[in-house]
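Residue numbers (this note's numbering): 2 to 580.
These notes concern the structure reproduced below.
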């Protein structure tokens with residue numbers, strides 16, 4: 002007897018092939034029958050009519066930070082709402098394990114680092130996670146059996162360094178004995194099922210004390226030793242962030258990434274390729290590492306988002322504006338002093354110069370302050386400004402746009418929410434995206450779901466992208482779009498029997514209405530531990546999500562089932578050849 006039968010669905014199977022009508026039967030968490038509609042005679046415990054609906058493999062998000070959130074939210078919302086059944090965590094060099102058992106202060110350091118660098122509410126990290134593990138295996142075991150999605154995790158380089166070197170991890174270099182200890186710890190983690198190494202050298206990544214995170218101090222020989230260790234385990238990967246990921250790689254960064262993937266003999270992915278027709282030289286430059294890696298026996302894959310991710314900004318809390326060169330020092334001042342400095346015309350002029358300089362890189366996109374939209378406001382002086390564009394308000398007041406924006410924010414004690422309008426929403430940029438997506442070393446992803454919770458909402462990229470393909474710009478046919486969200490990331494990570502609708506594969510499935518699928522607007526909610534805020538987005542047109550055959554979501558409501566599994570390297574992943 003079947004556990005469940007889905008009848009008369011339009012199957013888009015993840016291979017990129019044409020859609021076809023079929024009945025799909027599930028038993029024991031697997032797809033056991035795919036047949037012409039009306040030909041399945043076996044009885045089923047439950048069944049449903051999917052006439053007019055699309056059945057696709059569950060979506061695979063290759064870059065998330067759900068490492069902490071899964072402890073208080075086993076449903077990985079809102080990603081699961083938007084059809085995601087498998088998430089890759091532990092990215093950017095940051096994980097919650099291993100933790101040194103004799104240094105309880107390391108957990109506090111990790112919480113404060115994650116709060117600063119990944120925008121996770123400190124109260125949520127303190128109240129929503131029990132922090133009882135030491136080893137990476139214990140961390141994975143703590144999640145097993147209590148999550149609704151499938152989740153695999155890289156090992157964060159920062160945690161390895163902190164465990165072995167203590168406070169010296171920031172600023173110091175490991176002795177030969179310490180490097181051996183780091184490698185031993187890393188091998189233990191991969192033996193337990195870690196997917197490989199994640200690391201960061203990005204200048205934007207600082208810890209809770211404002212210091213460069215531990216992995217930024219690692220020299221190439223340390224990174225290559227860890228990369229070689231990755232190659233000694235089945236089904237493993239590399240993920241690396243360098244400063245040039247945000248704009249354009251330096252020659253030294255290209256050398257490092259190529260050397261790492263070649264040393265490991267494993268794929269390396271990086272986040273995120275920003276595509277903008279106003280900077281036509283960026284994409285060719287960012288794909289040079291992929292070309293060189295193939296020649297060296299490795300593979301480098303660039304992640305890129307197929308949507309424009311809404312981000313809110315503020316002069317009062319840490320956000321992308323703090324990462325503009327020269328801005329961080331001013332925006333870190335106490336609020337009264339910050340307002341005083343921001344009201345100084347000379348300070349504003351210098352801030353604008355730095356924001357529009359070459360050194361600002363991709364953050365130059367944030368420098369057109371007249372195109373910002375005012376979000377939530379908090380004072381009588383700002384009544385009626387929400388939803389208005391700064392350029393229009395500035396013209397009414399006879400002020401330049403940045404001065405106008407500062408005065409609006411100052412009236413709210415800098416709590417005003419700011420929404421920058423994207424600069425790359427033009428037809429040429431979308432045409433460039435379409436061409437870039439065709440590259441064999443470019444993959445969709447980079448949501449950062451689980452991080453930057455009150456500043457951006459990338460999780461809905463799956464539904465918004467499909468809606469755009471079906472009813473919007475129609476840059477890709479539906480079978481291709483589904484393949485890019487399912488089979489492509491599944492193959493990159495070597496996931497066993499996932500990513501396609503195929504007999505024998507795990508029944509990770511999403512059923513959706515092609516006439517409606519989309520994502521609602523990002524809205525601020527306070528549903529994290531400690532009443533902390535995050536941005537959420539409702540899924541539209543998602544009828545059902547199944548993980549390992551069990552329904553986890555119906556009509557945007559979680560069912561309460563937790564059938565997900567911790568995906569462990571080797572057991573659940575196979576080695577992906579880079580040849």
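Glycine is no exception: its CB is placed at the ideal position from the N, C-alpha and C atoms.
If you're wondering where the values come from, they're calculated on a predicted model, not measured in any experiment.
Assignment of residue 359 by DSSP, reduced to helix, strand and coil, places it in the helix class. If you compare the alpha carbons of 179, 361, 277 and 399 with that of residue 161, the shortest gap goes to 179. Residue pairing by DSSP places residue 459 opposite no residue, since no beta bridge is assigned to it.
The criterion of a C-beta distance shorter than 8 Å is not satisfied by residue 499 and residue 14. Residue 368 and residue 118 have their C-alpha atoms roughly 22 Å apart. Exposed is the label assigned to residue 426, since fewer than 16 other Cβ atoms lie within 10 Å of its Cβ.
Ranked by Cα distance from residue 74, the first of 443, 172 and 561 is 561. The Cβ atoms of residue 538 and residue 63 do not sit closer than 8 Å to each other.
In this structure, DSSP gives residue 402 a helical state, which the three-state scheme calls helix. The alpha carbon of residue 452 has as its nearest neighbour, out of 541, 69 and 395, the alpha carbon of 69.
Between residue 291 and residue 279, the C-beta gap is not smaller than 8 Å, which leaves the two residues out of contact.
Apart from sequence neighbours up to five positions away, the residues of its chain that approach residue 463 with a beta-carbon distance below 7 Å are 60, 83, 84, 85 and 486, ordered along the chain. Going by beta carbons, residue 301 and residue 269 fall inside the 8 Å limit. The beta carbon of residue 437 lies closer than 8 Å to those of 274, 276, 284, 305 and 443 in the same chain, with the five residues before and after it left out.
The shortest C-alpha to C-alpha distance from residue 313 to any of 536, 58 and 31 is the one to 536.
For residue 311, the three-state secondary structure derived from DSSP is coil.
Within the same chain, and ignoring the five residues on either side of residue 128 in sequence, the residues whose Cβ sits closer than 7 Å to its Cβ are 530 and 531. Annotation note: the segment 450 to 524 contains the following uninterrupted beta strand (DSSP E) runs of length 3 or greater, listed N- to C-terminal: 510 to 513. The continuous stretches of alpha helix (DSSP H) do not include residue 345, and DSSP gives it neither H nor E. In its chain, beyond the 5 residues on either side, 4, 5 and 6 have a beta carbon closer than 8 Å to the beta carbon of residue 47. For residue 116, the uninterrupted alpha helix (DSSP H) segment begins and ends at 106 to 118. Taking the CA atoms as reference points, residue 456 sits about 24 Å from residue 434.
Minimum Cα-Cα distance from residue 136 among the listed residues 440, 152, 77 and 191 corresponds to 191. By the CB criterion at 8 Å, residue 521 and residue 541 fall inside the cutoff. Under DSSP, residue 41 shares a beta bridge with no residue. Taking 8 Å as the cut-off, the beta carbon of residue 94 is found closer than this to the beta carbon of residue 158. Our two residues, residue 524 and residue 419, have alpha carbons roughly 13 Å apart in a direct line. Rounded to the nearest angstrom, the gap between the Cα atoms of residue 26 and residue 33 is 6 Å. Between residue 125 and residue 171 a beta carbon distance of about 24 Å is seen, past the 8 Å cut, so the two are scored as non-contacting. Counting other Cβ atoms within 10 Å of its Cβ, residue 387 stays below 16 and is therefore classed as exposed. Spanning the alpha carbons of residue 409 and residue 337 requires a straight line of approximately 15 Å. Rounded to the nearest angstrom, the gap between the Cα atoms of residue 239 and residue 198 is 5 Å. The beta-carbon separation of residue 405 and residue 398, rounded to 6 Å, stays under the 8 Å limit for a contact. Restricted to the segment 42 to 96, the alpha helix (DSSP H) segments that are unbroken, complete and at least 4 residues in length are 70 to 73, listed in chain order. Contact between residue 91 and residue 156 holds, with the beta-carbon distance rounding to 6 Å and staying under 8 Å. With 16 or more neighbouring CB atoms inside 10 Å of its own CB, residue 310 falls in the buried class.
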